[in-house]
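Engineer: The structure under discussion is supplied below as structure tokens; questions concerning it will follow.
In my numbering, the protein residues as written are 3 to 144.
Below, the structure written as structure tokens:
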């Protein structure tokens, strides 16, 4: 009897694990995967997430997110974000956050290049991404 209960419990936990993994699996369109492979042939250990209807590929570094690249569902390139340390942000970005978000620390920082080649900086605070131009002038909350 104990053996039957143990087997049933093990089978149940195994089924729950498979169902949870399937629920978290993201179906990435073939066009998106092809665009990534063409533009970034050396990208390895890529993880995917969906962001605002687009697909974001992440890879590299200890966190696995040193490089983030976003594509539309059709595979069109949107932007690349390269992680940088907070102290690599322009001083104007740090001052903006100190002034407008008192007591808030910048969680992550990145150097952004969009599809047109425009360069920007990104500072993540309180789950929001603040975008700044190359000189550190605030553009918008993304």
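For glycine and all other residues, C-beta sits at the position ideal for the given N, C-alpha and C.
#1: Short of 7 Å in beta carbon distance, which residues of its chain neighbour residue 128, apart from the five on each side in sequence? Order them along the chain.
#2: Would you kindly work out how many angstroms separate the C-alpha atoms of residue 47 and residue 69, rounded to a whole number?
#3: Within the same chain, show all residues whose beta-carbon is closer than 7 Å to that of residue 144, passing over the 5 residues directly before and after it, in chain order.
#4: Relative to the C-alpha of residue 43, which residue among 89, 35 and 112 is closest?
#5: Tell whether a beta-carbon distance below 8 Å holds between residue 72 and residue 53.
#6: Could you pull the start and end residues of the beta strand (DSSP E) that residue 71 belongs to?
#7: List, from N- to C-terminal side, the alpha helix (DSSP H) runs of 4 residues or more that fit wholly inside the segment 42-93.
#8: Which residue wins for smallest C-alpha separation from residue 49, given the options 60, 56 and 41?
#9: Following the continuous beta strand (DSSP E) through residue 115, name the residue where it begins and the one where it ends.
Structural biologist: According to the data block:
#1: Mapped onto the chain shown, residue 128 falls at position 126. Residues 106 of the same chain have their beta carbon placed closer than 7 Å to that of residue 128, with the five preceding and five following residues left out of the count.
#2: Along the chain shown, read from residue 1 onward, the residue named residue 47 stands at position 45. Along the chain shown, read from residue 1 onward, the residue named residue 69 stands at position 67. Taking the straight line from one Cα to the other gives about 11 Å.
#3: For the purposes of this step, residue 144 is taken as the residue at position 142 of the chain shown. Around residue 144: 131 and 133.
#4: Here residue 43 corresponds to residue number 41 of the chain shown, with the count starting at 1. For residue 43, the nearest C-alpha among the options comes from 35.
#5: If you number the chain shown from 1, residue 72 lands on position 70. If you number the chain shown from 1, residue 53 lands on position 51. When the beta-carbon positions are compared, residue 72 and residue 53 come within less than 8 Å of each other.
#6: Translated into the one-based positions of the chain shown, residue 71 becomes position 69. For residue 71, the enclosing beta strand (DSSP E) stretches over residues 69-73.
#7: Within the segment 42-93, no complete alpha helix (DSSP H) run reaches 4 residues.
#8: On the chain shown, residue 49 is found 47 positions in, with the first residue counted as 1. Ranking 60, 56 and 41 by Cα distance to residue 49 puts 60 first.
#9: Looking up residue 115 in the chain shown gives position 113. Unbroken beta strand (DSSP E) run through residue 115: 110-116.
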